[in-house]
Amino acid sequence: MSTADAIAIIDYGAGNLRSVVHAVVHAGLNAIVTDDASVIRRAPGVILPGVGAAADTMENLVSRNLTGVIGEVISAGKPFLGVCMGMQALFTVSEEGGSHACLDILGGTVRRFAPGLSIPHMGWNQVRQVRSHPIFDGIADGTHFYFVHSFHVDATDPKIVIGDTTYGPTFPSVIASGSLVATQFHPEKSATGGLRLYANFGRIVRGELGHGTVRQADTVGVA
Amino acid sequence: MMLTKRVIPCLDVAAGRVVRGVKFSADKDAGDPIELARRYNTEGADELVFYDITASHEGRGLFMGLLEDCARELFIPLCVGGGLATVDDLYGVLRAGADKTSINSAAVRTPDLIDQGARRFGSQCIVLSIDAKKTVEDDGRNWWQVYVNGGRKATGIDAVAWAREGVDRGAGELVLNSIDADGTREGYDLDLLSTVTGLVEVPVVASGGAGTLDHFTDAFSIGHAHAVLAASVFHYGVFSVPEVKRHLATHGLPVRL
């Protein structure tokens, strides 16, 4: 494998980068950690990881000039996977720590869980697959994934929700729109189910699974 | 669909080996950390805790190497503690592959470490670990006192109040270690657990004292813990992680099997 077929993992200072890299590599993919927009543009697929607070995430994405390229590769139809904060950041606005404008690639608000629940929602919970999607290939409906978050997405368009999870209310835990997929849980910490999800993303990138991905012949490598 | 109750093996690591503690003194070798970590990962542990109980510089280097090796092949959450005293220490173990950091004595000495850590890495990364010992006053009043330095030094601080303060400062999870129960296998301190779980909204992990399968059930049903942590009963094969989970399941508790 060469770096030409490496999936770009966007580095904006998020703490769990290495976990994502380990899982992606373990799932048999080639990855490059980068904050270079030109590398992201050339990669056949992109992962936006994340833990921490919405405001910091947005600040870091802005200060590293990454907001434009994220929007660009998603509208170009490049396979894109957002994880946890990397999912929330795609929406219009987050109510975490006040009100922070996010990337607004997907319509919706990121809200705090209602009082009365233990917060953060921390641990293993089930994902109900409400729509079929290649990202779920080989993953049983109701599989447990590892969650750590205090805020959840409230999507304007319910059709983008392909997986949901119940903690108090039911909230979107996997969303998909075009070539974009995002998970509220951490696949890199979700044992075999999570590794399978990354492997599926790799297969989507290589054009081996499903649709909704626009292949760019000059950048897609064969692993 | 429900959030499951977590079962967490804890590896106390000294000089590159897992050791067993009884009332906070390391006394017995319990195996190779990587071998044990792999076993727990395969068995379906929900999370692992690595606790560095060596103070020496060499021990520290060995521990960090170990952490990196484990992080490379374990795809469940790793919480790391032991001697973390500054935000840079927290950053160091997070970069080495930890998902959460467990802070204890340093937070008692410098409570602002909790605020700083939570601000920089998010509350979900900051686990406040509290070593508590029941203290009986001359007038018969009972309270739980915070101990530091591996349970050796009394602080005069009320553990329940400290738990509350820790959460207010930004801790995203609490671990309650009962010094009285640690290593005795006589059960978790359920009074301490239910007192704290009734007071804070963050997840609370029961630690110290598991000896029978019912002790785990009690920590959830009576103590209202969100997770149970145990060391020696797992390392020595008294129970396996799946055995504990199956037992919880038969008592109607949601688990990931």
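For the record, the sequence lines run as chains A and B.
Position one of the first sequence corresponds to residue 1 (the working numbering), numbered consecutively onward.
Position one of the second sequence corresponds to residue 1001 (the working numbering), numbered consecutively onward.
Note that the Cβ used here is the ideal one computed from N, Cα and C, for glycine as well.
These numbers come from a predicted model, not from an experiment.
Residue 126 (chain A) versus chain B: which residues are under 7 Å apart at the beta carbon? 1001
Determine, using beta carbons only, whether residue 103 (chain A) and residue 70 (chain A) come nearer to each other than 8 Å. yes
Are the CB atoms of residue 1194 (chain B) and residue 1224 (chain B) within a distance shorter than 8 Å? yes
Using a Cβ-Cβ distance under 8 Å, would residue 12 (chain A) count as near chain B? no
Which residue from B:1034, B:1039, B:1105, B:1189 puts its Cα closest to that of residue 1237 (chain B)? B:1039
Of all the CB atoms in chain A, is at least one closer than 8 Å to the CB of residue 1116 (chain B)? no
For the ligand ATP, I want to know if residue 1100 (chain B) counts as a neighbour, meaning its beta carbon is within less than 7 Å of at least one of the ligand's heavy atoms. Absent from the structure shown: the ligand ATP. Ligands present: none.
Between the beta-carbon of residue 1185 (chain B) and the beta-carbon of residue 1150 (chain B), is there less than 8 Å? no
Assuming residue 151 (chain A) and residue 96 (chain A) form a contact by the criterion Cβ under 8 Å, report the distance between their Cβ atoms to the nearest whole angstrom. 5 Å
Residue 148 (chain A): which of A:6, A:113, A:175, A:36 sits nearest, CA to CA? A:113
Just checking: is the beta-carbon of residue 1057 (chain B) within a distance shorter than 8 Å of some beta-carbon in chain A? no
Secondary structure, beta strand (DSSP E): runs of 3+ residues fully inside the segment 1137 to 1183 of chain B: 1142 to 1148, 1153 to 1158, 1173 to 1178
Interface residues of chain B facing residue 72 (chain A) [CB-CB closer than 7 Å]: By Cβ distance, chain B contributes nothing, its closest Cβ being about 28 Å from residue 72 (chain A), past 7 Å.
Given residue 1079 (chain B) as reference, the closest of A:156, A:98, A:157, A:122 once Cα atoms are compared: A:122
Bridge-paired residues (DSSP) for residue 151 (chain A): A:112
Would DSSP call residue 164 (chain A) helix, strand or coil? strand
Name the chain B residues that come within less than 7 Å of residue 148 (chain A), Cβ to Cβ? 1124
With DSSP run on the structure shown, which of helix, strand or coil describes residue 1063 (chain B)? helix
With the cut-off set at 8 Å, would you say residue 46 (chain A) and residue 7 (chain A) are in Cβ contact? yes
Reduced DSSP secondary structure (H/G/I, E/B, other) of residue 127 (chain A): coil
Going residue by residue through the segment 1221 to 1255 of chain B, where are the continuous alpha helix (DSSP H) segments of at least 4 residues, counting only ones entirely within it? 1232 to 1235, 1241 to 1250
Tell me the DSSP bridge mates of residue 121 (chain A)? A:149
Assigned exposure category for residue 1245 (chain B) - 16 Cβ within 10 Å defines buried: buried
Mind checking if residue 200 (chain A) is an interface residue toward chain B, Cβ cutoff 8 Å exclusive? no
Straight-line Cα distance separating residue 1124 (chain B) from residue 52 (chain A): 8 Å
So that I know if they touch, is there some Cβ in chain A lying closer than 8 Å to that of residue 1095 (chain B)? yes
Strictly under 8 Å for the Cβ-Cβ distance: is residue 23 (chain A) near chain B by that measure? yes
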